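A.B. asks: Could you have a look at this structure, given as C-alpha cells, before my questions?
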C-alpha cells in the first residue's frame, strides 16, 4: 500500500528516488505517513544496502554441502573443505570458497563446473574455477597440493584480521606464511603446511577453531594454551524451542518427537505460542495439551517430551498467561512479538520485568532482529545480560538462520557474565530442527563451551536447572 502511494503521488519507481524523497522530507506529508515512517523507510534502505549480495548461512551451507557431496565421489579429490566466512560460521556469506586437496585437478574442475543449478561459469582453470548458482551465490573451488592443504585451509578461512596477526607474528619469528606453507627465512625452507595444526604449531600456538578467528583475543588465548573446548553439535541433548500444529507449526507432537529421536536427542520441548498471537493456543487448550503430552510420555520411552510455551511479553512487561497456568509447564520461554518500536528504555524495562517472573526460564530471540529484513529493536542488551545473571534466567540463541539471535558478540557477553544460554531452533516444521547447527555455530563464535549451554545437559540436570529457577534452590 505504501509503495503504491509513493508511486501514485510522487511518481517514485526506484530505491534511489525513494531515499531522496525521504531525505528531503517529502514522504511525511502523504496520507498515513509522518516523520517516524520516513525515518523507518531510510533505515530499511540502509539495511537493504548493507545486506545486499549477502546470503543466509543456511543457503550457503546447503550449496556447499551439495558441492562437497558431488566432489566426494571423485577419487582424485583427497580432501574437501569449505573455507572462508562459511567455515567461520558468520551469519551472512558473500561467496563460498571450497578447497580440494588433489594431485590431479582437471577431473575435479570438470565435475564442478558441470553441476546442476549453475547459472554461469565465471572462470575455469586447473587451480581455480568460479561459478554463479541460479540463486546468485558465487562459489570458488581451488585445487591445492596435499602437502599445502593445511596452509591453504588456514589462509582461505581467514579472517583477514586474524591472518594479518599471524603474518606479523611470523615475521617476528623469522617466518613467512602464505597459502603454500610456513617458510623459514632467509633460506625459504618449508617447515609446515600439510596440516593447520602444523601451521599454528610453527608459530608457537595451539590450533584455533575457525569460528574464533576474528581478532577477538584468540591469538593471546592460543599463546596461553587457553582456547576453550567449544560446544559441538554432538553435545546437544535436546531442542527447547519447537512449535507444533497446536499453534502455527506444521507437525503433530508425536511426529516432532520421532524426528528429535532420530537426531539422537534425549528430550524435546513443545513450546507453542500463547495469545494474543492470532494462532496462539488458548489457556484451556494448553491444559489439554499438557495432559496430552503427559499421556504420550507414558507410552513413549525413548525420548521425553517436555511441556512448554512461548509466552508473549506484553508491552508493560507482564506475560500473556497467568502464573497459575505457567507453573504447569516444564519450560517457559518468554518473547516479544509486538510493539517492537518502543523507546530503548521502555523496551529494556519491558523485558526486565518479564525476567522477574520466576516461572520464566528462557528469554527467546532477545533483540528481535530478522537478518536482512528487520533491525533489532532498541534494547540495552548489557543490562538484560546482567539481570539474567542475577535472576538465573537463560537467554536464547535462536538458531533459525533468519534470526541467530542472540548474535555471537552477545553470546560471548553471556559467557563473561555467567549467563546460561539455550540454543533453540524455533522449529515450525521437521526440517527446521536441522537449524541447530547454525545456533551451535553462533555459540562457538561466542566462545561458549558445553556447560554454558543448558540443552547440552542430560535430562536430569536440565530438570534440576529448571526447578532451581522456580524455587531458588536445587
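In the working numbering, the protein residues as written are -9 to 464. All residues carry an ideal CB built from backbone N, CA and C; glycine is no exception. Remember, it's a predicted structure, so these values are computed and weren't measured experimentally.
1. With H, G and I counted as helix, E and B as strand and the rest as coil, what does DSSP make of residue 397?
2. Which two residues bound the contiguous beta strand (DSSP E) that contains residue 414?
3. Quick check for students: name the residue ranges of the alpha helix (DSSP H) that lie wholly in the region -7 to 49, counting only runs of 4 or more.
4. Enumerated in chain order, which unbroken segments of the alpha helix (DSSP H) with a length of 4 residues or greater are wholly contained in the region 337 to 393?
5. Report yes or no: do the region 155 to 168 and the region 90 to 106 share at least 3 C-beta pairs separated by less than 8 angstroms?
6. Secondary structure at residue 512, three-state DSSP: helix, strand or coil?
7. What are the start and end residues of each continuous beta strand (DSSP E) run of 3 or more residues lying completely inside the region 138 to 189, in chain order?
8. Helix, strand or coil: which one does DSSP assign to residue 464?
9. Which residues in the same chain have their Cβ closer than 7 angstroms to the Cβ of residue 68, if we skip the five residues on either side of it in sequence?
10. Would you be able to state if there are at least three C-beta pairs under 8 angstroms between the region 301 to 310 and the region 256 to 271?
11. Taking 7 angstroms as the limit between beta carbons, can you name the residues of its chain near residue 345, skipping five residues before and five after?
12. Contact between the region 172 to 181 and the region 393 to 413: three or more CB pairs below 8 angstroms?
13. Use the C-beta contact count for residue 148: other C-beta atoms within 10 angstroms, 16 or more gives buried, fewer gives exposed.
14. From what residue to what residue does the alpha helix (DSSP H) around residue 432 run?
15. Does the distance from the C-beta atom of residue 286 to that of residue 248 stay below 8 angstroms?
16. Does DSSP put residue 448 in a helix, a strand or coil?
17. If you count every other CB in all the chains shown that lies within 10 Å of the CB of residue -3, and 16 or more means buried, which is it?
18. Would you kindly work out how many angstroms separate the C-alpha atoms of residue 391 and residue 429, rounded to a whole number?
19. Looking at C-alpha atoms only, which residue of 21, 44, 238 is the closest neighbour of residue 517?
20. Got a sec? Which residues, its chain only, sit under 8 angstroms from residue 464 by beta carbon, not counting five neighbours each side?
21. Let's see if you can read the secondary structure: which residues bound the alpha helix (DSSP H) around residue 276?
22. In terms of residues, what are the limits of the beta strand (DSSP E) holding residue 262?
23. Who pairs with residue 229 in a beta bridge, going by DSSP?
24. Is the beta carbon of residue 54 less than 8 angstroms from the beta carbon of residue 2?
25. Which residues bound the alpha helix (DSSP H) around residue 103?
26. Within 8 angstroms, do at least three Cβ pairs link the region 110 to 124 to the region 165 to 177?
27. Using DSSP with H/G/I as helix, E/B as strand and the rest coil, what is residue 77?
28. Assuming residue 297 contacts residue 320 (C-beta within less than 8 angstroms), just tell me the rounded distance between them.
29. Confirm, please, whether the CB-CB distance from residue 121 to residue 129 is below 8 angstroms.
30. Under 8 angstroms, do residue 199 and residue 439 count as touching if we go by C-beta distance?
C.D. replies: So, from the listed chains and residues:
1. coil
2. 411 to 414
3. 5 to 13, 25 to 40
4. 371 to 381
5. no
6. Residue numbering for the chain in the displayed model covers -9 to 464; residue 512 lies beyond these limits and cannot be assessed.
7. 165 to 168, 171 to 174, 179 to 182
8. A caution first: residue 464 carries a pLDDT of 39, below 50, which makes its placement in the model unreliable, though a value can still be read off. Reduced to three states, the DSSP call for residue 464 is coil.
9. 91, 92, 136
10. yes
11. 353, 377, 378, 381, 383
12. no
13. buried
14. 426 to 435
15. no
16. coil
17. exposed
18. 8 angstroms
19. With the chain covering only -9 through 464, there is no way to say anything about residue 517.
20. In this predicted model, residue 464 has a pLDDT of only 39, less than 50, meaning its place in the structure is not dependable; the value taken from the coordinates is given anyway. Closer than 8 angstroms at Cβ, skipping near neighbours: 454, 457, 458.
21. 273 to 289
22. 257 to 263
23. 258
24. no
25. 95 to 103
26. no
27. helix
28. 5 angstroms
29. yes
30. no
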